[in-house]
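Number of protein chains: 2
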Amino acid sequence: MRSIYCGQLNKSHVDQEVELCGWINKRRDLGGLIFVDLRDREGLVQVVFDPEVEGLMDTANKLRQEFCVQLKGVVRARPDSQVNKDMATGEVEILGTSLTIINRSEPLPLDFNQQNSEERRLKYRYLDLRRLEMSDRIKLRAKASSFVRRFLDDNGFLDIETPVLTKATPEGARDYLVPSRVHKGSFYALPQSPQLFKQLLMMSGFDRYYQIVKCFRDEDLRADRQPEFTQIDLETSFMSSDEVRAMTEKMIREMWQSLLDVDLGDFPVMPYSEAMRLYGSDKPDLRNPMQLVDVADLVKDVEFKVFSGPANDEKGRVAVLTVPGGAELSRKQIDDYTKFIGIYGAKGLAWMKVNDRAAGVEGVQSPIAKFLNEEVINQLLERTNAQSGDIILFGADKRNVVNEAMGALRLKIGVDLGITDLDSWKPLWVVDFPMFEEDDEGTLHAVHHPFTAPKGISPEELEANPAGALSDAYDMVLNGYEVGGGSVRIHNAEMQETAFRILGIEAQEQQDKFGFLLDALKYGTPPHAGLAFGLDRLVMLLCGTDNIRDVIAFPKTTQASCLLTDAPSKANADALTELALDVVAKDAE
Amino acid sequence: MRSIYCGQLNKSHVDQEVELCGWINKRRDLGGLIFVDLRDREGLVQVVFDPEVEGLMDTANKLRQEFCVQLKGVVRARPDSQVNKDMATGEVEILGTSLTIINRSEPLPLDFNQQNSEERRLKYRYLDLRRLEMSDRIKLRAKASSFVRRFLDDNGFLDIETPVLTKATPEGARDYLVPSRVHKGSFYALPQSPQLFKQLLMMSGFDRYYQIVKCFRDEDLRADRQPEFTQIDLETSFMSSDEVRAMTEKMIREMWQSLLDVDLGDFPVMPYSEAMRLYGSDKPDLRNPMQLVDVADLVKDVEFKVFSGPANDEKGRVAVLTVPGGAELSRKQIDDYTKFIGIYGAKGLAWMKVNDRAAGVEGVQSPIAKFLNEEVINQLLERTNAQSGDIILFGADKRNVVNEAMGALRLKIGVDLGITDLDSWKPLWVVDFPMFEEDDEGTLHAVHHPFTAPKGISPEELEANPAGALSDAYDMVLNGYEVGGGSVRIHNAEMQETAFRILGIEAQEQQDKFGFLLDALKYGTPPHAGLAFGLDRLVMLLCGTDNIRDVIAFPKTTQASCLLTDAPSKANADALTELALDVVAKDAE
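Residue numbers (the working numbering), protein chains in the order written: chain W, 87 to 675; chain E, 87 to 675.
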């Protein structure tokens with residue numbers, strides 16, 4: 087029905103007759119002529135209907151926004167004065183010679199010329215996706231998937247599908263359950279990741295596996311989370327963590343080069359401990375140059391308990407952030423930042439403005455200066471290398487609170503004061519994570535997952551000091567987002583049983599939940615390692631949006647609803663009877 | 087850890103030092119030497135450990151089947167007398183120079199040298215997949231997916247993901263339901279296909295969409311069905327059914343060419359009515375040349391009620407199958423075929439052996455000859471063009487019974503008697519399906535689905551004679567398997583409402599279930615058409631197996647269980663409480 091897409095037309099087509107299909111993006115009547123912008127997925131082109139062409143004007147007169155039409159016409163160059171530089175096809179226009187209205191449109195419930203509420207956009211998603219801004223994102227996503235597949239195909243990875251109806255796995259989040267009709271009272275779980283299946287594929291000898299695959303988590307949703315999300319999931323045998331990182335770094339670098347024409351360069355590698363020390367975060371945004379500086383040793387003996395308390399607590403931390411030009415912050419701004427870090431549990435925000443560095447203690451202004459002696463202040467100025475005009479912000483609390491609060495404050499101030507270069511790209515690898523972290527009750531949890539191998543130690547050494555063990559895990563971080571993460575996996579049964587034991591999973595539970603994995607480890611399991619990227623996040627970054635729903639064709643709300651189809655919805659009673667299920671309480675609705 | 091895959095070695099590598107990783111496929115000790123076949127995903131190579139190489143034999147002596155090892159060695163040509171022509175690498179062998187056992191293996195629970203029960207193979211799937219026969223299938227599947235993606239990418243199709251947690255849709259089979267925790271008492275459904283979403287994507291203007299996507303049906307499983315299966319799903323705008331068929335036919339033809347080096351040629355197009363008439367099936371296996379021949383008009387007036395009854399019933403059919411060489415069938419064989427068609431509801435199998443065609447009525451042998459007069463028998467011989475040595479088999483019953491029974495019999499006899507050329511490839515398109523079929527209660531059901539457009543008629547004409555309407559639908563059939571099916575879709579609200587009405591879906595239910603679709607049809611919907619292939623079936627055909635579980639890495643049993651992970655399984659009580667669900671009966675377990 088068409089000979090070319092609207093958006094592909096240019097001067098090389100002048101004098102050609104073309105057939106186009108698309109939608110009326112805009113109509114204007116001018117001097118007896120009717121001008122329309124015709125839109126298809128590749129873009130817009132201007133079409134002119136002229137009364138001198140017979141038999142067209144009646145139909146053309148009926149055209150309204152979003153009518154779906156088919157037309158023929160001749161491409162002609164626009165006069166210089168009418169070239170539209172904002173339009174890719176702006177050097178040409180089509181003189182219409184025939185016109186068919188395929189389908190009319192009622193006035194739209196969305197106004198394409200202004201901001202619409204997200205609720206409305208999601209309800210009429212099929213219309214929202216007509217906006218070129220949105221369709222460009224979905225197209226870029228398709229390109230990204232395609233790029234990844236070709237890269238991995240070309241590198242010997244096999245695309246192998248793993249089950250969606252599977253067994254509950256221990257990724258740590260809540261599973262979505264699917265009741266079985268055949269086995270009444272039993273449930274499948276939707277996978278949080280294909281972790282165990284991809285490990286089994288390595289045990290089968292497939293050597294290199296990948297899949298772009300939907301995963302599911304029934305968690306309370308944040309702005310950048312969805313109940314179903316898409317992973318680029320991969321696993322390799324006989325490769326070290328260095329090799330896995332090198333290969334996947336190459337993939338991401340080439341992807342950015344190919345899709346954005348951006349060179350990400352080599353990715354620096356940073357140990358977890360350094361990331362926490364310098365940025366208070368395991369996914370530091372390196373577009374922001376500010377770093378935290380530890381000063382506990384300087385304030386151990388001051389009278390100010392707010393500082394000396396954490397400074398003398400082995401679980402405490404005292405660290406400062408020196409903000410260039412921050413001395414100009416108003417009292418109000420500082421109060422706002424104090425409130426901001428309160429979200430993270432920080433009880434206050436001590437500060438010290440450096441008005442005149444050369445004047446030493448005389449040159450600083452701070453409500454807490456009186457609690458610190460001159461020597462301490464001088465040491466602080468020296469260690470932070472603060473300059474005139476800077477402000478020094480203090481975090482002093484439990485280590486976790488300082489890291490979270492000061493880490494978040496660093497990000498916020500970086501953007502607020504224009505310190506962060508938002509147009510740059512800063513990737514890195516974070517490595518050497520601890521194997522386990524302790525919760526408030528002193529229970530150990532896996533930082534990655536229970537199948538992650540420790541780095542360079544035996545099962546005995548791991549059991550002797552689990553809290554001190556590092557894992558052979560790695561996260562890829564880009565502009566402060568964790569875009570991918572993975573690890574070398576445990577490939578022998580003894581180590582796996584040790585890891586389970588440390589996590590409090592006793593022998594019987596090991597058998598019930600992971601018997602098949604422990605079995606499989608007995609039959610010549612190869613060393614293996616892998617990684618999973620969050621495709622939604624990668625595409626979000628590629629598109630330059632921070633709303634994950636903008637890169638998903640049919641996303642769900644933060645209430646896990648689809649406003650378009652009105653899912654979830656009531657099931658009919660027969661279906662529930664067949665599943666032997668009863669809904670016992672509806673009050674939470 | 088390796089420099090090359092085992093299976094890639096050949097004479098060009100002679101004298102090179104290589105590093106290999108893999109599994110001990112077989113070990114033999116001979117004249118003081120130890121020979122092993124080392125296996126990786128690309129194949130096998132023979133490695134020799136010679137006592138003259140120092141410090142290796144102790145380790146080599148420990149090798150057992152399925153040990154995972156890393157080794158170095160030098161490639162050398164085998165003497166002519168020892169070349170193994172059955173082995174891709176059989177012209178060379180490796181002289182081992184170093185050997186590390188990465189992981190030992192206990193004796194396997196599967197015997198790779200003999201047939202194992204499918205139950206055992208599924209329980210130890212990770213081991214079963216080590217067999218080259220199985221891993222080759224999974225690799226061919228990956229190649230097939232990759233081929234499809236490249237073809238569709240190159241033809242302007244966009245890979246767009248649609249939701250897995252969605253709303254119940256009316257594909258006709260039972261949905262898998264997923265209880266919502268946030269909206270207690272409500273359920274998502276897993277998609278039976280992305281049908282409505284892909285139509286919405288056309289309404290959004292994406293023009294060409296595809297996805298290789300998991301779909302779900304909670305149906306009682308047959309040998310070639312799985313609860314989750316994979317579709318190559320595609321949809322286009324502004325293309326006619328001819329164009330969609332031409333493009334997808336090209337894809338399958340090029341796929342067979344590329345993966346099997348087989349030329350499928352042009353696909354013939356056959357109306358549904360002809361397929362039913364000639365083959366009793368809407369997915370005829372054209373590798374079998376036998377056709378059904380209608381003879382109702384010949385037996386309308388015979389006394390034999392078994393024939394004359396259906397011959398005079400407008401819902402009846404009397405048809406014969408002439409089997410070349412079938413006069414040699416024994417009484418026992420004919421009895422077995424009679425039993426076989428009993429499965430399809432046929433009450434008996436009348437037959438007539440043509441012992442001597444030239445002798446006319448005298449030359450036939452048949453228990454029913456006495457009920458037919460000479461003229462009828464002569465007419466039968468003439469119409470069937472039966473030859474001496476053939477047998478004529480009669481089907482006389484309700485049309486459905488005759489079609490199913492004689493269609494199945496045709497397939498079975500074709501294979502049993504070697505009439506079907508099992509080594510050939512016979513694709514075709516079946517088109518011009520009826521829009522609706524009537525069930526025993528006289529209710530109309532959609533033959534494809536309720537969104538399929540009728541062929542060349544208006545909503546008024548459709549409503550006036552729904553039972554007579556043909557749809558613009560098409561199925562691709564290959565060797566008797568329906569490998570793909572699709573249709574032109576309804577693209578205006580009036581026609582869609584008419585179709586719903588004919589199916590007994592009244593206005594309120596239309597709004598509740600499909601309100602968003604009817605809404606969407608108001609805003610300039612383009613004409614659109616699409617198709618979905620069953621990837622599992624395509625790969626099954628590519629692999630030459632008739633067990634669909636052989637082409638799925640982790641399949642489920644016909645009881646919808648995963649024997650490897652033991653899914654489905656009990657959910658913990660807390661999870662059910664959070665979902666506000668109660669299991670009300672377990673007796674069906």
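Idealized CB from N, CA, C, for every residue including glycine.
- Between the alpha carbons of R190 of chain W and E152 of chain W lies a gap of roughly 7 Å.
- Cβ contact annotation for D239 of chain W (same chain, cutoff 8 Å, sequence separation greater than five): D245, in chain order.
- Listed along the chain, the chain E residues whose CB falls inside 7 Å of the CB of A606 of chain W are Y212.
- Cβ proximity to chain E below 8 Å picks out I638, A639, F640, K642, Q645, A646, S647, C648, L650, T651, D652, A653, P654, S655, K656, A657 from the segment 635 to 660 of chain W.
- Going by beta carbons, S327 of chain E and V574 of chain E fall inside the 8 Å limit.
- Contact check for L226 of chain W against L628 of chain W passes: the beta carbons are separated by less than 8 Å.
- Comparing alpha-carbon positions, the option among E:E664, E:K158, E:P513, E:K229 lying closest to L372 of chain E turns out to be E:P513.
- Positions of the alpha helix (DSSP H) runs, each at least 4 residues long and wholly inside the segment 161 to 240 of chain E, are given as 204 to 209, 211 to 214, 218 to 240 in order along the chain.
- Counted as a single uninterrupted DSSP element, the beta strand (DSSP E) harbouring T322 of chain W occupies residues 314 to 323.
- In this structure, A494 of chain E and I427 of chain E form a Cβ contact; the two beta carbons are roughly 7 Å apart against a cut-off of 8 Å.
- Taking a cut-off of 8 Å on C-beta distances, the segment 638 to 658 of chain W does not touch the segment 118 to 132 of chain E, as fewer than three cross pairs fall below it.
- A contact between stretches requires three or more CB pairs, one per stretch, nearer than 8 Å, and the segment 579 to 589 of chain W meets this requirement with the segment 534 to 546 of chain W.
- M289 of chain W: member of the alpha helix (DSSP H) spanning 281 to 289, first to last residue.
- At a Cβ-Cβ threshold of 8 Å, M376 of chain W and L407 of chain W count as neighbours.
- Taking C-beta atoms under 8 Å as the contact rule, L320 of chain E and Y609 of chain W fail to qualify, at a distance of about 41 Å.
- Residues of the segment 179 to 192 of chain E whose Cβ lies closer than 8 Å to any Cβ of chain W, in chain order: I188, N189, R190, S191, E192.
- Contact annotation: the segment 329 to 348 of chain W does not touch the segment 459 to 477 of chain W, with fewer than three C-beta pairs closer than 8 Å.
- Assignment of beta-bridge partners to Y609 of chain W by DSSP yields E:S191.
- If you draw a straight line from the Cα of E523 of chain W to the Cα of P552 of chain W, it is about 9 Å long.
- Chain E has a Cβ within less than 8 Å of the Cβ of L244 of chain W.
- When the Cα atoms are used, R339 of chain W and P540 of chain W turn out to be separated by approximately 28 Å.
- Under DSSP, the beta-bridge partners assigned to D561 of chain W are W:V516, W:G571.
- Distance from L435 of chain E to A405 of chain E at the Cβ level is roughly 13 Å; contact not present, criterion being Cβ atoms closer than 8 Å.
- At least one CB of chain W lies nearer than 8 Å to the CB of H577 of chain E.
- Taking one beta carbon from each stretch, the segment 661 to 672 of chain W and the segment 277 to 285 of chain E have fewer than 3 pairs nearer than 8 Å; the two do not touch.
- Per DSSP, the beta-bridge partners of A275 of chain W are W:T252, W:L263.
- Between the segment 632 to 647 of chain E and the segment 305 to 324 of chain E, the count of C-beta pairs closer than 8 Å reaches three or more; the two stretches touch.
- Using a Cβ distance threshold of 8 Å, L185 of chain W and V160 of chain W do not count as a contacting pair.
- Relative to the Cα of V563 of chain W, the nearest Cα in the group W:D526, W:V517, W:L530 belongs to W:V517.
- Taking C-alpha positions only, K112 of chain W is separated from N147 of chain W by approximately 13 Å.
- P249 of chain W belongs to the set of residues whose beta carbon lies under 8 Å from a beta carbon in chain E.
- Membership of L467 of chain E in any beta strand (DSSP E) is not indicated; the residue belongs instead to the alpha helix (DSSP H) covering 460 to 470.
- In the three-state DSSP reduction, E524 of chain E falls in the strand class (E or B).
- The Cβ-Cβ distance between K439 of chain E and A397 of chain E does not fall below 8 Å.
- Note on geometry: alpha-carbon atoms of F283 of chain E and P545 of chain E lie some 24 Å from one another.
- Collapsing the DSSP output to three states places P552 of chain E in a helix.
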